[in-house]
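In the UniProt record's numbering, the protein residues as written are 1 to 236. Comments concern the structure below.
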Amino acid sequence: MLSCLCLKQGEVPYLNRNRKVSDFWRDVVNPNGLSYLWDIPVKPVVSKVMAVALGVKKMTVHEFRNLEFAENDRHWYELLDGELVKKKAPTPAHQRVARKLTLALDAFISQNNLGELFFAPVDVFLDDTNSPQPDLVFVATANEAIVTDNGIEGVPQLVVEIISPTSVVRDRFTKKDLYERFGVKEYWIVDPSNQEIEIYTLNNERYELLSAASVLEGELKSAVPDDLVLDVKTLF
1 MLSCLCLKQG EVPYLNRNRK VSDFWRDVVN PNGLSYLWDI PVKPVVSKVM AVALGVKKMT
61 VHEFRNLEFA ENDRHWYELL DGELVKKKAP TPAHQRVARK LTLALDAFIS QNNLGELFFA
121 PVDVFLDDTN SPQPDLVFVA TANEAIVTDN GIEGVPQLVV EIISPTSVVR DRFTKKDLYE
181 RFGVKEYWIV DPSNQEIEIY TLNNERYELL SAASVLEGEL KSAVPDDLVL DVKTLF
């Protein structure tokens, strides 16, 4: 795997992995975010703008959990296929939808004793190089052993991602493929800008659109949790 670092005029990279994440210049060009060599300080030299292709070693979950971040760093980080991804803190619009969706889902799950609902930030450890932080995660009672003091160590039944302008590609493609690959039974994509929700369910190890609705179309039906029906108008 290669990651391309774009350097400004008069700069050349040198590597040092012993400093804190916040100490470094982070301009690694990668559609999924930052890679193992994401933190590359620069020294001044006389040169034109150039791009340097770097061979990148995948970061492990163990390395990810041992990273040190500055106390004033308000970003969230997740590990996707060995690449460190930086996420901005949620916007108020994002939080409003997350709150309403959490209340609706948690009420249904609790009333029917189906399991437990978790909300971000929470680490989901899928394997040694993947630790996403979904906006909402549902773990069924039969699978409750994957909930540990460290986070969710295994594959949950349902994952919900609330997209933003900067996360569209990641949520619609990168994470969708990731959750499909690991067998998450149902994946919801919530779009606050268009006020709509899409529900994808696994069929023969591939995601298929099960249900989709906007505030104009009304109800949304889910198979995980089973028999759940939501009025989309109440969520936006």
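Where a beta carbon is used, it is the ideal one built from N, C-alpha and C, also for glycine.
Q | Sub-7 angstroms separation of alanine 98 and aspartate 135 beta-carbons | A | yes
- Query: With a CB to CB cut of under 7 angstroms and the five nearest residues on each side skipped, what residues in its chain are close to histidine 94?
  - Reply: Ile162, Ser164 and Pro192
**Q.** CB contact flag (residue 238, isoleucine 199, <7 angstroms)
**A.** Here the chain has residues from 1 to 236 only, and residue 238 is not among them.
Cβ of valine 137 within 7 angstroms of Cβ of phenylalanine 118? yes
| Going by the CB atoms, is the gap between tyrosine 179 and valine 159 shorter than 7 angstroms? | Yes, the Cβ-Cβ distance between valine 159 and tyrosine 179 is below 7 angstroms.
Which whole-angstrom value describes the C-beta separation of lysine 176 and valine 224, a residue pair presumed to lie in contact below a C-beta threshold of 8 angstroms? About 16 angstroms; that fails the 8 angstroms criterion.
Where does isoleucine 163 sit, in a helix, a strand or coil, going by DSSP?
coil
query: If you compare alpha carbons, which of Pro132, Phe69 and Leu67 is closest to threonine 174?
result: Pro132
So what's arginine 96 in DSSP terms, helix, strand or just coil? helix
Looking at phenylalanine 182: is its Cβ nearer than 7 angstroms to the Cβ of glycine 151? no
Quick one, are the C-beta atoms of valine 232 and alanine 213 less than 7 angstroms apart? yes
* **aspartate 123 burial status per 10 Å Cβ neighbour count (16 or more: buried)** => It is buried - the Cβ of aspartate 123 has at least 16 other Cβ atoms within 10 Å.
Roughly how many whole angstroms lie between the Cα atoms of phenylalanine 106 and asparagine 112?
According to the sequence provided, residue 106 is aspartate. The question's phenylalanine does not apply to it. So the alpha carbons of these two residues sit roughly 10 angstroms apart.
Check your understanding: Name the DSSP bridge partner or partners of glutamate 180?
Key -> Under DSSP, glutamate 180 takes part in no beta bridge, so it has no partner.
Cross-strand partners of alanine 212 (DSSP beta bridge): Glu198
>> Please return the same chain residues whose Cβ sits closer than 7 angstroms to the Cβ of tyrosine 187, not counting the five positions on each side in sequence.
In response: Short of 7 angstroms from the beta carbon of tyrosine 187, and not among the five residues preceding or following it, lie these beta carbons of its own chain, in chain order: Val159, Lys176, Tyr179, Tyr200 and Tyr207.
**Study point:** Candidates Gly82, Met59, Asn203 and Thr91, of which the one nearest arginine 74 by Cα
**Key:** Thr91
According to DSSP, is asparagine 130 part of a helix, a strand, or is it coil? strand
Exercise. What residue from Gln157, Asn203 and Thr102 has the CA that sits closest to residue 237's CA?
Worked result: Residue 237 lies beyond the residue range present for the chain, which begins at 1 and ends at 236; the question has no answer from this structure.
Tell me lysine 221's beta-bridge partners as DSSP assigns them. Val229
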